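Quick note, the sequence shown lines up with residues 1 to 357 if you use my numbering. Positions of the beta carbon are idealized from the N, C-alpha and C atoms, including for glycine. Keep in mind it's a predicted model, so treat the numbers as computed, not measured. Everything on this sheet refers to the single structure shown next.
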Amino acid sequence: MSARAGIVVTGTEVLTGRVRDRNGPWLSDRLLELGIELAHITICGDRPEDMEAQLRFMADQGVDLIVTSGGLGPTADDLTIEVVARFVGRELFLDEVLEQQIFEIIQPLMKRWRNLDPEAIRAANRKQAFVPEGAQVIGPAGTAPGLVVPPVGDSGPTVVVLPGPPRELHHMWPQAVATEGFAAAVTGRVEYQQRMLRLFGIPESEIAETLRVAEGSVPSFDALEITTCLRRGEVEVVVRHEPGDSAAWEGLSELIAERHAETLFSTDGSLVDDQVADLLEGRFLGLAESCTGGLMAARLTERPGGSGYFRGSLVTYANEAKVDVLGVPAELIEQHGAVSPPVAEAMADGIFERFEA
């Protein structure tokens, strides 16, 4: 079995749903890339006793690594470091070098707010410079440093402490992975391979039936970890396996391709968006939308690089907009109705001319 990890996302704002958890899923993907088995993701509020209960739960599950996010700021409810220090049994000390580093980060901010007391600000941020004995400090991306805190002795999980803002957490993650403490905690990790198939226009139940067939016909099928997910009308089939079990994956993918040739559109995990972008290379697209209300434009611009092929969109919902903005003849709408092939064709002609698509 590979090294195992747990993620503890902290923050009452996340627990109550005011802020969506973006760190848990992101960290889950990063752990998977490293071949580390994710056992649990939990979310807790800012109460120290709740946070410590989550850490103890993870330890009781026998995980090798715990990653926390949030609770590293200068305010009274930012208590993650204190809780982690108590959990692993390490004393806190003031890292004066880190304190000075944090002070230099906040100095430009103090110039913008001259009415603030510099010493009061420095005292508030001093809290962020307290670290557990034996911890490895990860340089701050904001004012809050990250930490890799090993257990006392040979038992117990290593705790990686990261900030809550996703931008800062993303910046610090590679530094955390590069530490000796992190490497020591996950020495048993296995580099899994992950594959993905995507299908459209098919219910998950049909894939479930194919997987039942595969269970009795694909050699070493049990070596594959398979999950299916319906998203945006597409069925994702995600398969994870150890490097030596590639033959089982190939047998499964061949069976799915054979049974679902008409609905399988991606054998490498690429999205419809990616495939559309490839097809549009060297071309320019303009959209005239009505009932979709800009949804197509939003989908196209979600993907980085869309400006290379997408000129723009006009949402002409009202009939008057179709006539005035796109030049659709009013009599065409009166004769066929707004939702009709002739009007759609006239809208396409109008956007073609205006955007030189």
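Who are the near neighbours of F352 in its chain, counting only those whose CB is closer than 7 Å to its CB and skipping five residues on each side?
G286, listed in sequence order.
In chain order, each beta strand (DSSP E) run of at least 3 residues that lies wholly inside the stretch 117-198:
130-132, 136-138, 146-149 and 158-162, all fully within the stretch 117-198.
What residue from D245, A124 and V239 has the CA that sits closest to E99's CA?
Nearest of D245, A124 and V239 to E99, Cα basis: A124.
Evaluate the contact criterion for the stretch 187-199 versus the stretch 165-173: three or more CB pairs, one atom per stretch, below 8 Å.
Touching, no, given that fewer than three Cβ pairs across the two stretches are closer than 8 Å.
In the stretch 206-271, which residue ranges form an unbroken beta strand (DSSP E) of at least 3 residues, counting only runs that do not cross its ends?
Runs of the beta strand (DSSP E) inside the stretch 206-271: 225-231, 234-241 and 264-266.
Buried or exposed for T227, going by 16 or more other Cβ atoms inside 10 Å?
With fewer than 16 Cβ atoms within 10 Å of its Cβ, T227 is classed as exposed.
With C-beta atoms as the reference, is A135 less than 8 Å away from I66?
Taking the C-beta atoms as reference points, I66 is found no nearer than 8 Å to A135.
Using only alpha-carbon positions, find the residue among R283, V213 and V315 that is nearest to L252.
Checked all of R283, V213 and V315; the closest Cα to L252 is V213.
Opening and closing residue of the alpha helix (DSSP H) in which S28 lies
Note, S28: alpha helix (DSSP H), N23 to E33.
Using beta carbons (cut-off 8 Å, strictly below), is S205 in contact with chain D?
No chain D appears in this structure, which consists of one protein chain only.
Proximity below 8 Å, CB of F355 to CB of G312:
Contact flag set, yes.
Does DSSP classify T68 as helix, strand or coil?
When DSSP states are grouped into helix, strand and coil, T68 belongs to the strand group.
Contact set for H40: own chain, Cβ-Cβ below 8 Å, skip 5 residues either direction
For H40, where only same-chain residues beyond five positions count, the Cβ hits under 8 Å are G6, I7, F57, M58, Q61 and V63.
Taking the C-alpha atoms as reference points, what is the distance between E33 and R240?
Near 11 Å, if we compare the C-alpha coordinates of R240 and E33.
Mark Q107 as exposed unless 16 or more other C-beta atoms lie within 10 angstroms of its C-beta, in which case mark it buried.
Residue burial annotation: Q107 is exposed, with fewer than 16 other C-beta atoms found within 10 angstroms of its C-beta.
Report the residue from R22, T42, L197 and G142 whose alpha carbon sits nearest the alpha carbon of E234.
Taking only the C-alpha atoms, the option nearest E234 is L197.
Using a threshold of 8 Å, state whether the C-beta atoms of I102 and A120 are closer than that.
With respect to the 8 Å criterion, I102 and A120 are not classified as neighbours on the basis of their beta carbons.
Pull up the distance between the alpha-carbon of A185 and that of L27, whole angstroms please.
Straight-line measurement puts the Cα of L27 at about 16 Å from the Cα of A185.
CA-to-CA distance, E204 to C229, given in whole angstroms
Taking the straight line from one Cα to the other gives about 8 Å.
Is DSSP giving E289 helix, strand or coil here?
Assignment of E289 by DSSP, reduced to helix, strand and coil, places it in the strand class.
Among R126, V177, P150 and G139, which has the Cα closest to the Cα of R86?
Per the Cα distances, P150.
By Cβ distance, which residues of its chain are closer than 7 Å to G181, with the 5 residues on each side in sequence left out?
Cβ neighbours of G181 beyond the five flanking positions: Q136, V148, P150 and T158.
Evaluate the contact criterion for the stretch 321-341 versus the stretch 259-277: three or more CB pairs, one atom per stretch, below 8 Å.
The stretch 321-341 is not in contact with the stretch 259-277.
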